[in-house]
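A.B. asks:
Residue numbers (my numbering), protein chains in the order written: chain A, 7 to 464; chain B, 2 to 235.
#1: Are the C-beta atoms of residue 124/B and some chain A residue less than 8 Å apart?
#2: Between 444/A, 70/A, 131/A, which lies nearest to residue 172/A when the distance is taken from Cα to Cα?
#3: What does residue 116/B touch in chain A if you count any residue whose Cβ is under 7 Å from its own?
#4: Closer than 7 Å between beta carbons: that is the criterion. Which residues of the stretch 18-35 of chain B meet it against chain A?
#5: If I follow the unbroken alpha helix (DSSP H) through residue 1/B, where does it start and stop?
#6: Taking the continuous alpha helix (DSSP H) assigned at residue 384/A, which residues delimit it?
#7: If the cut is a Cβ gap below 8 Å, which residues of chain B does residue 24/A touch?
#8: Around the Cβ of residue 15/B, are there at least 16 other Cβ atoms within 10 angstroms (buried) or fewer (exposed)?
#9: Among residues of its own chain, excluding the 5 on either side of residue 167/B, which ones have a beta-carbon nearer than 8 Å to its beta-carbon?
#10: Output the distance between the C-alpha atoms of residue 244/A and residue 343/A, rounded to the nearest integer angstrom.
#11: Please classify residue 220/B as buried or exposed, where buried requires at least 16 other C-beta atoms within 10 Å of its C-beta.
#12: Pull up the distance between the alpha-carbon of residue 361/A and that of residue 409/A, whole angstroms please.
#13: Identify, in the order they occur along the chain, each residue of the same chain with its Cβ nearer than 8 Å to the Cβ of residue 18/A, setting aside the five sequence neighbours on each side.
#14: In chain A, which residues lie less than 7 Å from residue 102/B when you measure between Cβ atoms?
#15: If you draw a straight line from the C-alpha of residue 52/A to the C-alpha of residue 324/A, how long is it?
#16: With a cut-off of 8 Å, does the C-beta of residue 86/B fall near any C-beta of chain A?
#17: Since residue 54/A meets chain B, which of its residues come closer than 7 Å, beta carbon to beta carbon?
#18: Kindly say whether residue 224/B, judged by its beta-carbon, lies nearer than 8 Å to any beta-carbon of chain A.
#19: What does the alpha-carbon distance come out to for the pair residue 311/A and residue 372/A?
#20: Counting only C-beta atoms, is residue 94/B closer than 8 Å to chain A at any point?
#21: Please report the distance separating the alpha-carbon of residue 78/A from that of residue 228/B.
#22: Considering just the uninterrupted stretch of the alpha helix (DSSP H) at residue 97/B, what are its terminal residues?
#23: Could you please give the first and the last residue of the uninterrupted beta strand (DSSP E) stretch that includes residue 15/B?
#24: Out of 193/B, 110/B, 55/B, 87/B, point me to the one whose CA is closest to residue 97/B's CA.
#25: Candidates 4/B, 9/B, 22/B, 37/B: which alpha carbon is nearest residue 230/B's?
#26: To the nearest angstrom, how far is the alpha carbon of residue 32/A from that of residue 242/A?
#27: Alpha carbon to alpha carbon, how far is residue 20/A from residue 164/B?
#28: Which residues in the same chain have their Cβ closer than 6 Å to the Cβ of residue 198/A, if we skip the five residues on either side of it in sequence?
#29: Who are the neighbours of residue 85/A on chain B, taking C-beta pairs under 8 Å?
#30: Take residue 146/A as the anchor and find which of 163/A, 91/A, 200/A has the nearest alpha-carbon.
#31: Along the chain, where does the beta strand (DSSP E) containing residue 199/B start, and where does it finish?
#32: Within 10 angstroms of the Cβ of residue 169/A, are there 16 or more other Cβ atoms? Answer buried if so, exposed if not.
#33: Please look up how many angstroms separate the CB atoms of residue 254/A and residue 237/A, rounded, as I've assumed it's under 8 Å.
#34: The beta strand (DSSP E) with residue 182/B in it runs from where to where?
#35: Classify residue 179/A as helix, strand or coil using the three-state DSSP reduction.
#36: Applying the 10 Å Cβ sphere with the 16-neighbour rule, what's the burial state of residue 113/A?
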């Protein structure tokens, strides 16, 4: 056992003497974190809703690049051939390499979390679950890394093969791009990559319900890691002059297919319907037969409502003007912000102006701005708060008429409220406000459909 | 008396080529036994078969009377043609870590001093000279206090002064009663160090004996002439 510890300690020391290893192992994860922080600057809480992605990228990089690069470089130089002359079985060397890599991954993740906390990221909801999820993720990807290490002969080949796995996993596997933003067919592709399960189990541990409901994700990671370990053991070689039996790859990557097929069989692959990426358009797109009215909102009648094609509106589950389902539960990380908005709306000055049309327009802006800013999850829960508030502060007989008027005149009125959202905990909007008008229009149509009974209730 | 190393009928093929073809020899404790022959004769394959780096197709290998296995290999130290170590490892670290694999390792500091590496004990491997690297390889072979040392061309590529240093260390090893199997191209080295030699050609041993006896028996003027004659016949 002392040999394992000695070799592990040596591996760690050598790693810290290698500038490139430090760069890839520690600096890159921090750069990714800063990039995500900048990219999702309008999130309700900094970084928390993306930590599953960030930690997965860290493990993926360390296990699929760092680990095989170290092993292959040493094998190329004859280090492992020299190790073979020592009186110990191969597992001693493998165990020490993996133990050292795990230490590097854990320290890189802790450093990443520390910087996240410095940026205001909240403490994880389930620390123990997060640690367990991280270990499962590390196991899965180190199995993959070992498979790569045994397969290829030289370091450039590690980089090439690593990229072939790394990039599709980032883009199509739900790691760098959230599943909600991917087309449905890509979501089906993503279940065949281990990255999706890693992101889900890590994210659920950080901001969600912990490991409850993560049984399949954990099993998927364990199976993928186990298959990788078996394949790597089958192809193990001390010396590059021996060719590995590539048939073992079928075990490693076959398990990806098995896990993906099982996920498809279980269902729950698609996380949202994403068929509504069309431009928002103009009022005419939703009310093509409406007659121009100059008489003001009081003159709106129920006949006008019949001109609206509510079925043309973007789906509530989409990314344009979304509205959460009535039974949807917000992520605990955004609950404080939703509470702040709910509690702040009654005292929010723009939501209490005397003119009921401007008041309605201002309140609809509270829903429209998070949508424009693509604030994760918040954008679909805030509309429900706004709709409830509108029904409380606008007379029921006036609300449909006002909503219709606003929807048909999205560019009228005053935009001052858009710049007073800070007291509700929302970001201030700079630049053109015209896109916000369009989202106000859509939300006005959506609420109109509900209050008139022409679309299902919220 | 049990030989430190016994090799019987060792055979190793690479496709249709017999790299080693039924080689047999013994190495006694306190003896330096040389393997000489041209490139491709089978010297390195013989050593690598004994060390377990190459799996022989046939034959028997015994170390102090026991079949070569992990416990038996703990009694063997080896210097390969090129020593693979990480660039940034220091000699003291390498000796400490390698020592962790043995039940009774020799002290790193003692080995550093014995092999003239004390001043470079904490220098990265990639900053050592060729001679220093080779002396470190010898020190690493010594870590487990071995009864048998297998040295594959340990002085190749070294300048005369460094070659002499390494040869002095090998001579000292013999004085300690350890057995040495030395593969070399250097005739002067073989004459100076080896008690007996085996001349290998085409994977077979074509002559065995003390260098002086072999020269006398063949009628050649030098060991080099004798080997050229023997290998030409093979």
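Here a beta-carbon is modelled for each residue, glycine too, at the ideal position from N, C-alpha and C.
C.D. replies: Well, looking at it:
#1: Position 123 of the second chain holds residue 124/B. At a cut-off of 8 Å between beta-carbon atoms, residue 124/B makes no contact with chain A.
#2: By 1-based counting over the first chain, the position of residue 172/A is 166. Of 444/A, 70/A, 131/A, the residue nearest in Cα terms is 70/A.
#3: Here the question's residue 116/B lines up with position 115 in the second chain. Against chain A, a Cβ distance below 7 Å from residue 116/B picks out nothing, because the smallest value is about 17 Å.
#4: The residues in question: there are none.
#5: Because chain B here runs from 2 to 235, residue 1/B falls outside it and cannot be looked at.
#6: Taking the first chain and counting its residues from 1, the one referred to as residue 384/A is at position 378. Per DSSP, residue 384/A belongs to the alpha helix (DSSP H) from 384-399.
#7: As a working note, residue 24/A is residue 18 in the first chain. Going along chain B in sequence order, the residues near residue 24/A (Cβ under 8 Å) are 89.
#8: Taking the second chain and counting its residues from 1, the one referred to as residue 15/B is at position 14. Around the beta carbon of residue 15/B, fewer than 16 other beta carbons sit within 10 angstroms, so the residue counts as exposed.
#9: For the purposes of this step, residue 167/B is taken as residue 166 along the second chain, with counting starting at 1. Only 132, 135, 136, 139, 155, 156, 159 meet the Cβ criterion.
#10: Translated into the one-based positions of the first chain, residue 244/A becomes position 238. Translated into the one-based positions of the first chain, residue 343/A becomes position 337. Rounded to the nearest angstrom, the two C-alpha atoms are 56 Å apart.
#11: Here residue 220/B corresponds to residue number 219 of the second chain, with the count starting at 1. It counts as exposed.
#12: In the first chain, the residue the question calls residue 361/A occupies position 355. In the first chain, the residue the question calls residue 409/A occupies position 403. If I take the Cα positions, the gap works out to 13 Å.
#13: Here residue 18/A refers to the residue found at position 12 when the first chain is read from its first residue. Shown here for residue 18/A: same chain residues with a beta carbon closer than 8 Å to its own, the five before and five after excluded, namely 106, 109, 110 in chain order.
#14: Within the second chain, numbered from 1, the residue matching residue 102/B stands at position 101. Here the neighbours are 9, 92, 93, 94.
#15: In the first chain, residue 52/A corresponds to position 46, counting from 1. In the first chain, residue 324/A corresponds to position 318, counting from 1. Straight-line Cα distance between these residues: approximately 23 Å.
#16: For the purposes of this step, residue 86/B is taken as the residue at position 85 of the second chain. Yes, residue 86/B lies at the interface with chain A (some Cβ there is under 8 Å from its Cβ).
#17: Along the first chain, one-based indexing puts residue 54/A at 48. Per Cβ cutoff of 7 Å: no residues; residue 54/A is ~38 Å from chain B at best.
#18: On the second chain, position 223 is the one that residue 224/B refers to. Output row for residue 224/B: interface = no.
#19: Locating residue 311/A in the first chain gives position 305, counting from the first residue. Locating residue 372/A in the first chain gives position 366, counting from the first residue. The alpha-carbon atoms of residue 311/A and residue 372/A are separated by roughly 24 Å.
#20: Reading the second chain from its first residue, position 93 is the one you call residue 94/B. With 8 Å as the cut-off, residue 94/B counts as an interface residue toward chain A.
#21: Stepping through the first chain from its first residue, residue 78/A is reached at position 72. Stepping through the second chain from its first residue, residue 228/B is reached at position 227. Rounded to whole angstroms, residue 78/A to residue 228/B spans 40 Å at the Cα level.
#22: Locating residue 97/B in the second chain gives position 96, counting from the first residue. In the DSSP assignment, residue 97/B falls within the alpha helix (DSSP H) that extends over 92-100.
#23: Looking up residue 15/B in the second chain gives position 14. Where residue 15/B is concerned, the enclosing beta strand (DSSP E) starts and stops at 6-15.
#24: Position 96 of the second chain holds residue 97/B. Considering only alpha carbons, the answer is 110/B.
#25: Residue numbering aside, residue 230/B sits at position 229 when the second chain is read from its first letter. Per the Cα distances, 37/B.
#26: Within the first chain, the letter at position 26 stands for residue 32/A. Within the first chain, the letter at position 236 stands for residue 242/A. Using only the alpha carbons, I get a separation of about 28 Å.
#27: As a first step, residue 20/A must be located in the first chain, where it is residue number 14. As a first step, residue 164/B must be located in the second chain, where it is residue number 163. As the crow flies, the alpha-carbon of residue 20/A is around 30 Å from that of residue 164/B.
#28: Residue mapping note: residue 198/A aligns to position 192 of the first chain, counting from 1. Excluding residues within five positions, the ones whose Cβ falls inside 6 Å are 262, 266.
#29: Position 79 of the first chain, counted from the first residue, corresponds to residue 85/A. Here the neighbours are 85, 86, 87.
#30: In the first chain, residue 146/A corresponds to position 140, counting from 1. Nearest C-alpha to residue 146/A: 200/A.
#31: Locating residue 199/B in the second chain gives position 198, counting from the first residue. Looking at the DSSP string, the run of the beta strand (DSSP E) that includes residue 199/B is 197-202.
#32: The count along the first chain starts at 1 and reaches residue 169/A at position 163. Taking every protein chain shown into account, the CB of residue 169/A has fewer than 16 other CB atoms within 10 angstroms, so this residue is exposed.
#33: Sequence index remark: in the first chain, residue 254/A carries index 248 (1-based). Sequence index remark: in the first chain, residue 237/A carries index 231 (1-based). Between residue 237/A and residue 254/A the Cβ distance is about 4 Å, and since that is below 8 Å, they are a contact.
#34: Looking up residue 182/B in the second chain gives position 181. Residue 182/B -> beta strand (DSSP E) spans 180-185.
#35: As a first step, residue 179/A must be located in the first chain, where it is residue number 173. Reduced to three states, the DSSP call for residue 179/A is coil.
#36: For the purposes of this step, residue 113/A is identified with residue 107 of the first chain, where counting begins at 1. Per the 10 Å Cβ criterion, exposed.
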